[in-house]
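Engineer: Mapping of the sequence shown onto the UniProt record's numbering: position 19 corresponds to residue 19, and the numbering continues sequentially without gaps.
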Amino acid sequence: MLIINMPDETSHSTDANSNSTEPAKSWEQRNPEIEREITIDEYQPTGTLTLTLLYFAIVVLMWIFMYFVEFAGNAPSIID
1 MLIINMPDET SHSTDANSNS TEPAKSWEQR NPEIEREITI DEYQPTGTLT LTLLYFAIVV
61 LMWIFMYFVE FAGNAPSIID
């Protein structure tokens with residue numbers, strides 16, 4: 001097994017003026033003008049999938065409820 005230790009993004013900068021008691025700045029704080037773009041492989045829309053499945057479940061439950069209200073034990077209301 002190959003294990004590679006990569007430096008952390010919050011590692012200390014090499015500034016001569018930096019105080020050792022100050023917390024290290026993150027990469028985003030050091031480079032505010034650079035935006036990180038993610039690729040389609042990194043994008044995982046779990047929240048969107050969850051909301052879609054929740055919406056689908058609500059629609060299915062409503063459809064089942066309306067089926068029993070309209071047809072189970074009663075004649076269709078249009079034919080009455």
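Cβ atoms here follow ideal geometry from the backbone N, Cα and C, with glycine treated the same way.
Roughly how many angstroms separate the alpha carbons of K25 and P32, rounded to a whole number?
Structural biologist: Numbered from 1 along the sequence shown, position 25 holds the residue referred to as residue 25. Numbered from 1 along the sequence shown, position 32 holds the residue referred to as residue 32. Spanning the two alpha carbons is a distance of roughly 11 Å.
Engineer: Could you spell out the range, first to last residue, of the alpha helix (DSSP H) harbouring Q29?
Structural biologist: Along the sequence shown, one-based indexing puts residue 29 at 29. Note, Q29: alpha helix (DSSP H), 27-30.
Engineer: Quick one: what does DSSP say T21 is sitting in, helix, strand or coil?
Structural biologist: For this step, residue 21 is matched to residue 21 along the sequence shown. Reduced to three states, the DSSP call for T21 is coil.
Engineer: Given this structure, state the Cα-to-Cα distance separating Y67 from P45, to the nearest angstrom.
Structural biologist: Mapped onto the sequence shown, residue 67 falls at position 67. Mapped onto the sequence shown, residue 45 falls at position 45. Approximately 33 Å, taken between the alpha carbons.
Engineer: Suppose the cutoff is 6 Å on Cβ atoms and the five residues either side in sequence are ignored; what does the same chain contact list for E28 look like?
Structural biologist: Position 28 of the sequence shown, counted from the first residue, corresponds to residue 28. Answer for E28: no residue qualifies.
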